[in-house]
Amino acid sequence: MNLARVSINIPTRTLYEEWLELRNGCLCCSVKDIGVKAIENLMEKRGKFDYILLETSGLADPGPIASMFWLDDGLGSELYLDGIVALVDAKHIREYLGEEKDNTLVNEAAKQVAIADRIIINKNDLVTENEMELIRRDIQSINSAADLLETERSRIPIDFVLDIQAYDVHDAESLAQQTEKIEHLSSEHAHHLSHGVQTICIHFDDQLDTIDDLETWVQTLLWEKQWPGLENNRDEVIVLRLKGIIQPPKNTAEKGKRLVIQGVQDLYDIQEGFIQEDSAATHVRSKLVLIGKNLDQDKLFASFKKSVPAQYVY
Numbered sequence: 001m002n003l004a005r006v007s008i009n010i011p012t013r014t015l016y017e018e019w020l021e022l023r024n025g026c027l028c029c030s031v032k033d034i035g036v037k038a039i040e041n042l043m044e045k046r047g048k049f050d051y052i053l054l055e056t057s058g059l060a061d062p063g064p065i066a067s068m069f070w071l072d073d074g075l076g077s078e079l080y081l082d083g084i085v086a087l088v089d090a091k092h093i094r095e096y097l098g099e100e101k102d103n104t105l106v107n108e109a110a111k112q113v114a115i116a117d118r119i120i121i122n123k124n125d126l127v128t129e130n131e132m133e134l135i136r137r138d139i140q141s142i143n144s145a146a147d148l149l150e151t152e153r154s155r156i157p158i159d160f161v162l163d164i165q166a167y168d169v170h171d172a173e174s175l176a177q178q179t180e181k182i183e184h185l186s187s188e189h190a191h192h193l194s195h196g197v198q199t200i201c202i203h204f205d206d207q208l209d210t211i212d213d214l215e216t217w218v219q220t221l222l223w224e225k226q227w228p229g230l231e232n233n234r235d236e237v238i239v240l241r242l243k244g245i246i247q248p249p250k251n252t253a254e255k256g257k258r259l260v261i262q263g264v265q266d267l268y269d270i271q272e273g274f275i276q277e278d279s280a281a282t283h284v285r286s287k288l289v290l291i292g293k294n295l296d297q298d299k300l301f302a303s304f305k306k307s308v309p310a311q312y313v314y
């Protein structure tokens, strides 16, 4: 894995100029601060870059890397996470997705598909149309939120991988439209699951009294890997991606205002966003979308009802 012209020696955390080479192939929490700082130093010395592309190996877990660049506004960094793109090998993806893991793990291919914001299905000339239909079905049963592009020899329009703005927490309108698409596709492909990773949704019409109960529910789910408020949680609940568009609490209500929730594994953020009055997205109800493993629709409903006071949960 190489990044521009800075180098990090992982054991000693020594910073060298010229290349950022992570010799063990892992950009993880232990080098989080120095990795970001190395790129910022490079930007100071060489001038601003229009875009930085970070290419990982086929075995990489994109979650910790996303967390590394998903920076709080208060840190004052010029870096921001734009989106995650997964490149799928059409010839072998169904084999990779079929690799079995125990209930506490997610196989690497399924995890990368689940966390992605854009998915490129490459080498489509090497499979039949029937095989391609199965590939689409498998991918959308894992992650119906991501946009798909089918191609050969990695020919792609540049705007499919750049300026995605997938983590723009203030863009409530785009997320609201996306959740409508997710609900349709996840229900359409739910019966095709074989890899244990799926997308489930919950929505409700009532405004919350406060955001505190919702935030506590999210924290318990992501950090303790259990359904909040429920007993006999046998299997860990593994949430890989979380997306949500929520009506603001009653005491902070404002026309067009929404709360936008984004999460990757154990990291999440809740920010205010707005929807234009004349937008088709104004009718979208409060909704949460979870992508992960050991997810159960009935337990999601029961847990949410018990933990977050809201009417019309379904």
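Residues 1 to 314 (the UniProt record's numbering) make up the sequence shown, in order.
Cβ coordinates follow ideal geometry from the N, Cα and C atoms, glycine included.
Since this is a predicted model, take the numbers as computed values, not measurements.
Considering only the alpha carbon of each residue, which of the options lies closest to residue i?
i: Ile202; options: Leu240, Phe304, Val239; result: Phe304
i: Tyr268; options: Glu108, Gly47, Asp163, Gln219; result: Gln219
i: Asp83; options: Glu99, Val113, Ala109; result: Residue identity check: residue 83 is Gly in the sequence provided, not Asp. The candidate whose alpha carbon is nearest that of Gly83 is Val113.
i: Gln247; options: Leu288, Glu150, Glu129; result: Leu288
i: Asp266; options: Met43, Pro64, Leu42; result: Pro64
i: Leu79; options: Lys91, Ala66, Leu87; result: Ala66
i: Lys91; options: Asn107, Asn130, Val106; result: Asn130
i: Ile270; options: Val308, Leu214, Arg234; result: Leu214
i: residue 354; options: Ile211, Asp235, Ile39; result: Summary: the structure shown does not reach residue 354, with the chain confined to residues 1 through 314, and so no result is reported for it.
i: Leu240; options: Gly98, Val197, Asp138, Phe274; result: Val197
i: Thr210; options: Pro249, Ser286, Glu99; result: Pro249
i: Glu224; options: Leu230, Asp212, Val237; result: Val237
i: Lys257; options: Gly263, Arg285, Leu81; result: Arg285
i: Leu81; options: Leu59, Val161, Lys101; result: Val161
i: Ala110; options: Asn41, Leu208, Asn143; result: Asn143
i: Glu231; options: Lys299, Asp212, Gly273; result: Lys299
i: Leu295; options: Ile200, Asn41, Gln207; result: Ile200
i: Asp117; options: Gly35, Leu87, Leu42, Glu108; result: Leu87
Can you have a look at residue i and say buried or exposed, based on whether 16 or more other CB atoms are within 10 angstroms of its CB?
i: Leu259; result: buried
i: Lys293; result: buried
i: Pro228; result: buried
i: Arg13; result: Residue placement at Arg13 cannot be trusted, given a pLDDT of 43 that sits under 50; what the coordinates show is reported in the next sentence. Exposed is the call here.
i: Thr216; result: exposed
i: Gln297; result: exposed
i: Ser57; result: exposed
i: Asp102; result: exposed
i: Gly98; result: exposed
i: Pro309; result: exposed
i: Ile52; result: exposed
i: Ile121; result: buried
i: Asp212; result: exposed
i: Gly25; result: With a pLDDT of 48 at Gly25, under the threshold of 50, the modelled position of this residue cannot be trusted; read the value that follows with caution. It is exposed - the Cβ of Gly25 has fewer than 16 other Cβ atoms within 10 Å.
In angstroms with no decimal places, state the Cα-to-Cα distance between residue i and residue j.
i: Glu55; j: Asp61; result: 12 angstroms
i: Asp163; j: Ile115; result: 17 angstroms
i: Phe301; j: Asp147; result: 27 angstroms
i: Ser141; j: Thr104; result: 19 angstroms
i: residue 319; j: Leu242; result: The shown model of the chain, from 1 to 314, leaves out residue 319, and the question about it has no answer.
i: Ser307; j: Leu221; result: 11 angstroms
i: Gly244; j: Asp89; result: 30 angstroms
i: residue 388; j: Thr151; result: Since the first residue of the chain shown is 1 and the last is 314, residue 388 is not available in this structure.
i: Arg153; j: Asp125; result: 9 angstroms
i: Ile93; j: Val85; result: 15 angstroms
i: Phe69; j: Ile156; result: 25 angstroms
i: Ala145; j: Arg46; result: 36 angstroms
i: Asp138; j: Asp235; result: 23 angstroms
i: Leu134; j: Gln165; result: 29 angstroms
i: Gly263; j: Gln226; result: 16 angstroms
i: Ile158; j: Asp168; result: 19 angstroms
i: Arg136; j: Leu149; result: 10 angstroms
i: Tyr96; j: Gln207; result: 42 angstroms
i: Glu18; j: Leu290; result: A caution first: Glu18 carries a pLDDT of 40, below 50, which makes its placement in the model unreliable, though a value can still be read off. Each residue's alpha carbon lies about 40 angstroms from the other.
i: Asn107; j: Lys123; result: 22 angstroms
i: Glu272; j: Ile261; result: 9 angstroms
i: Met132; j: Glu100; result: 22 angstroms
Can you tell me whether residue i sits near the ligand FMN, meaning its C-beta is under 7 angstroms from at least one heavy atom of the ligand?
i: Val260; result: Ligands displayed in this structure: none; no statement on the ligand FMN is therefore possible.
Please go through the UniProt domain "CobW/HypB/UreG nucleotide-binding" (17-148) and give each complete beta strand (DSSP E) segment of 3 or more residues, from N-terminal end onward. As far as the UniProt domain "CobW/HypB/UreG nucleotide-binding" (17-148) is concerned, its whole beta strand (DSSP E) runs of at least 3 residues are 85-89, 118-122.
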